[in-house]
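Chemist: Residue numbers (the UniProt record's numbering): 1 to 217. Questions regarding the structure given below will be posed in turn.
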Ligand code: TZP
Ligand code: MG
């Protein structure tokens with residue numbers, strides 16, 4: 001996807017889905033990606049912890065073909081070096097990964113997002129050359145077990161301090177989405193809620209309906 005279109009898509013996105021291989025077997029991951037796109041996920045990330053690089057690259061190429069025909073930005077977690085070869089639209093880095101400038105040196109002018117786990121980290125990321133930030137975990141979650149939940153009280157403050165699009169993450173589900181929105185969230189990442197849903201596309205559609213009912217500004 002052309003970078004201006006990708007940046008516009010991120011700025012308009014409300015629902016960010018992650019294809020996390022701890023919940024989805026690699027063989028069914030492309031089919032899961034199709035369902036998520038069909039349900040209205042507006043950014044898709046591949047998160048593949050402890051997987052062989054060849055598998056991640058092969059899968060990323062397959063997913064990139066699906067997302068690009070749907071006009072959905074596709075982000076690779078942890079492997080900025082795979083962005084170009086797979087046709088991904090960008091990379092996502094954590095606090096302990098390669099620094100933003102060094103990552104930019106590898107990926108160039110494509111999308112770059114970063115995880116933040118406190119208001120201080122979010123504020124620091126807010127002056128970096130990033131396209132969005134993640135803020136969480138809001139709630140305790142088996143997807144990222146070793147982190148202290150932030151809760152929802154600081155969501156408004158983070159939006160006041162940071163100009164980048166902010167995606168609230170961590171234990172967010174259809175069942176608590178209205179609470180998270182009422183606390184000031186505008187955009188969310190949902191991982192296990194989507195991937196463990198009986199009907200993935202329908203689940204995403206229901207989340208989108210709640211998200212889209214709240215004005216972005
Ligand atoms: N970063 C902060 S929380 C989290 C990540 C990757 C996991 C969110 O997963 P879930 O299943 O939506 O709680
Ligand atoms: Mg990482």
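Yeah, the Cβ is synthetic: ideal placement off N, Cα and C, and Gly gets one too.
For residue 77, count neighbouring Cβ atoms within 10 angstroms of its own Cβ and tell me buried if that reaches 16, exposed if not.
Modeler: Buried, since its Cβ has 16 or more Cβ neighbours within 10 Å.
Chemist: Flag this pair as touching only if the segment 160-175 and the segment 120-137 have three or more C-beta atom pairs under 8 Å; answer yes or no.
Modeler: Output reads yes: the segment 120-137 touches the segment 160-175.
Chemist: Under the DSSP definition of a beta bridge, which residues are partnered with residue 115?
Modeler: DSSP, once it has assigned bridges, lists 134 as partnering residue 115.
Chemist: State the CB to CB distance for the pair residue 25 and residue 89, rounded to an integer number of angstroms; the pair is presumed to be in contact (CB under 8 Å).
Modeler: Contact doesn't hold; Cβ gap of about 24 Å is too wide.
Chemist: On the three-pair Cβ rule with 8 Å, is the segment 61-74 touching the segment 97-107?
Modeler: No, because fewer than three Cβ pairs between the segment 61-74 and the segment 97-107 fall closer than 8 Å, the two stretches do not touch.
Chemist: Let me know the secondary structure DSSP gives residue 216 once reduced to three states.
Modeler: It is coil, neither helix nor strand.
Chemist: What are the start and end residues of the alpha helix (DSSP H) that includes residue 8?
Modeler: Segment 3-12, the alpha helix (DSSP H) holding residue 8.
Chemist: So what's residue 220 in DSSP terms, helix, strand or just coil?
Modeler: Because the chain is modelled from 1 through 217, residue 220 falls outside the range shown and cannot be assessed.
Chemist: So within the segment 4-63, which uninterrupted beta strand (DSSP E) runs reach at least 3 residues, ignoring any that extend past its ends?
Modeler: Correct list: 15-20, 43-47.
Chemist: Residue 184 to residue 156, Cα distance in whole Å?
Modeler: Roughly 5 Å separates the two Cα atoms.
Chemist: How is residue 126 classed by DSSP in three states: helix, strand or coil?
Modeler: Residue 126: coil per DSSP, three-state reduction.
Chemist: Suppose the cutoff is 8 Å on Cβ atoms and the five residues either side in sequence are ignored; what does the same chain contact list for residue 32 look like?
Modeler: Answer for residue 32: 19, 24, 195, 200, listed in chain order.
Chemist: If you check the beta carbons only, do residue 160 and residue 15 fall under 9 Å apart?
Modeler: Their beta carbons are not under 9 Å apart, which means residue 160 does not touch residue 15 by this criterion.
Chemist: Confirm the yes/no value for this check: CB of residue 110, any heavy atom of ligand 2, distance under 8 Å.
Modeler: Because no heavy atom of ligand 2 lies under 8 Å away, the Cβ of residue 110 does not count as near it: no.
Chemist: Can you name, in chain order, every residue of its own chain whose Cβ lies under 6 Å from the Cβ of residue 274, other than the five neighbours on each side?
Modeler: Outside the modelled stretch of the chain, which goes from 1 to 217, sits residue 274, for which no answer is possible.
Chemist: According to DSSP, which residues form a beta bridge with residue 92?
Modeler: According to DSSP, which records beta bridges pairwise, residue 92 is partnered with 77, 113.
Chemist: Per DSSP, residue 188 forms a beta bridge with which residues?
Modeler: 15, 168, per the DSSP bridge assignment.
Chemist: Note the first and the last residue of the continuous alpha helix (DSSP H) segment covering residue 160.
Modeler: Here the alpha helix (DSSP H) through residue 160 covers 155-161.
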